[in-house]
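Q: Following this message is one structure expressed as structure tokens.
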Ligand code: PEP
Ligand code: MN
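See the structure below:
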């Protein structure tokens, strides 16, 4: 059960103290406080854990500071979309809003290689009014002999260049808890010119200790990628780990499933799960067409498979696109085979806009259908 406190609740105040006095009297129920940063304000929510079946909504609603009470099902207690609720599913970070109703584009380098390429990428983004990017510094590689990313050494110039070109959020994968501190230190050293969305890659979706560590920090929002060989339910539970540790600013990423049935694509595209994730949870949903499709092959209509897949995701209501670009894919140290070229960026943006407009028209059409049918009843 979740108690949502009124927005003006003073957590140092008398009413709040009284609320806790009452909660402590409940047998076999413990209370856990969550601060939820929405786009407007910070809300306090109290999670009642344990035997809450005997508690009535009315009884809880009458407690001091409580504005609303939500009875949650067992699954995805914090991130889930529960039956009797309309809690907001959005958050804002560094001036960028993430929700189930909008779309943010994160085009960038799969892996940081040279300052020159980082700058070319950032400049191209800013020329097109984009404020988010992806930049890999810590790369989990299949072979121990493959390039592992420049790690913390590249962070100062990546952050400074992001600041120079007005980039507000960089999605950056981390593979170890210590990387959070390295990112924090580099942001401090460079004067916080940009923001970071910590990315948990598909290989770490069920690295529970990493999830707990990332969930414990409140500074950065998180992009959690679906595990490539586990069920959707298992991946959504992984997201819930983050929230249960205190950070519910989580975007859920679809990036294709590992199976040869998807050949010749690198992974089997799973973007048809976008509406499923939105129905089951309140998380914005990201698609990664690059790591799903994995090749630059194009169809007879002259559109790359990768853009077809991205458009399919956007037409189905994706909220974020993570996509690999590179100024010179032949020189990329990681995943050059799937990188779009910088000169393709305006084309890609136009294509995604066409797809987004189609999605919005589809939503409006569905709404019209619903209204018309309701009138007939
Ligand atoms: C990536 O985005 O760079 C990446 C390694 O993705 P994934 O975890 O989906 O393989
Ligand atoms: Mn990659």
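Numbering (the numbering used here), first residue to last: 83 to 459. Ideal placement from N, C-alpha and C gives every residue a C-beta, glycine not left out. Quick caveat, the model's predicted, so the values are computed rather than measured.
From which residue to which residue does the alpha helix (DSSP H) around residue 126 run?
A: It is not in any alpha helix (DSSP H) - residue 126 instead sits in the beta strand (DSSP E) that spans 124-132.
Q: With a 10 Å radius around its C-beta and 16 neighbouring C-beta atoms as the bar for buried, classify residue 451 as buried or exposed.
A: Classification for residue 451: exposed.
Q: Could you tell me if the beta carbon of residue 368 falls within a distance shorter than 7 Å of some heavy atom in the ligand PEP?
A: The answer is no for residue 368.
Q: Identify which residue in 202, 393 and 84 has its Cα closest to the Cα of residue 409.
A: That would be 202, whose Cα lies nearest to the Cα of residue 409.
Q: Find out if the Cβ-Cβ distance for the pair residue 335, residue 308 is shorter than 8 Å.
A: Yes.
Q: Among 267, 262 and 324, which one has its Cα closest to the Cα of residue 290?
A: Residue 324 is the option with its Cα nearest to residue 290.
Q: Taking all protein chains shown into account, do 16 or more other C-beta atoms lie within 10 angstroms of the C-beta of residue 117, making it buried, or fewer, making it exposed?
A: By the 10 Å Cβ count, residue 117 comes out exposed.
Q: Using a threshold of 7 Å, is the CB atom of residue 404 nearer than that to any non-hydrogen atom of the ligand PEP?
A: True, at least one ligand heavy atom lies under 7 Å from that Cβ.
Q: Please list, in chain order, all residues of the same chain as residue 357 whose beta carbon is under 8 Å from its beta carbon, the five residues on each side excluded.
A: Taken in chain order, the residues that qualify are 398 and 399.
Q: Would you mind giving the Cβ-Cβ distance between residue 322 and residue 129, rounded to the nearest angstrom? I have them listed as a contact below 8 Å.
A: Going by Cβ atoms, the distance from residue 322 to residue 129 rounds to 12 Å, so no, they are not a contact pair.
Q: Below 8 Å on the Cβ atoms is my guess for residue 331 versus residue 303; work out the distance and round it to an integer in Å.
A: At roughly 4 Å, the Cβ-Cβ gap stays under 8 Å, so residue 331 and residue 303 are in contact.
Q: Return yes when the C-beta of residue 416 is under 7 Å from any heavy atom of the ligand MN, and no when it is not.
A: Correct: residue 416 has its Cβ closer than 7 Å to the ligand MN.
Q: Do residue 373 and the ligand MN come close, with the Cβ less than 7 Å from some heavy atom?
A: Checking the Cβ of residue 373 against the ligand MN gives yes.
Q: At the level of alpha carbons, what is the spacing between residue 281 and residue 256?
A: The straight-line gap from Cα to Cα measures roughly 6 Å.
Q: Mark residue 287 as exposed unless 16 or more other C-beta atoms lie within 10 angstroms of its C-beta, in which case mark it buried.
A: With 16 or more Cβ atoms within 10 Å of its Cβ, residue 287 is classed as buried.
Q: Which residue comes first and which comes last in the alpha helix (DSSP H) that contains residue 336?
A: Unbroken run through residue 336 is the beta strand (DSSP E), 332-336; no alpha helix (DSSP H).
Q: Closer than 7 Å: is that where the CB of residue 192 sits relative to any heavy atom of the ligand MN?
A: Under cutoff, so the answer is yes.
Q: Tell me the rounded alpha-carbon separation between residue 432 and residue 426.
A: Roughly 10 Å between the two C-alpha positions.
Q: Quick test of the definition: if touching needs 3 or more C-beta pairs under 8 Å, does the segment 218-225 touch the segment 180-187?
A: No, the segment 218-225 does not touch the segment 180-187.
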